[in-house]
Amino acid sequence: KARLFGSFQKLSAKPTGGEKSTGLGLAITKKIIEAHGGTLGVETRLGSGTTFSFSIPAA
Numbered sequence: 131k132a133r134l135f136g137s138f139q140k141l142s143a144k145p146t147g148g149e150k151s152t153g154l155g156l157a158i159t160k161k162i163i164e165a166h167g168g169t170l171g172v173e174t175r176l177g178s179g180t181t182f183s184f185s186i187p188a189a
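Our numbering puts the sequence shown at residues 131 to 189.
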């Protein structure tokens, strides 16, 4: 899972919708959430997909 949030990571051999990717989206998202004192989680169910969740403390 740690590799999933690394810069320039592309873990899927085939994009789901033909989209192009730089592999930076999750890395940037994680840094922004952590900069606000939050956490980012991921849960994968084989055959069902992946769910991402995050929490950020209230101001």
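Every residue, glycine too, gets a C-beta built ideally from N, C-alpha and C. Being a predicted model, the structure only gives us computed values, none of them experimental.
In the structure shown, the three-state DSSP call for G155 is helix.
As the crow flies, the alpha-carbon of A189 is around 10 Å from that of G167.
If you check the CB distance, T169 and F184 come in under 8 Å. In the DSSP assignment, L176 forms no beta bridge with any residue.
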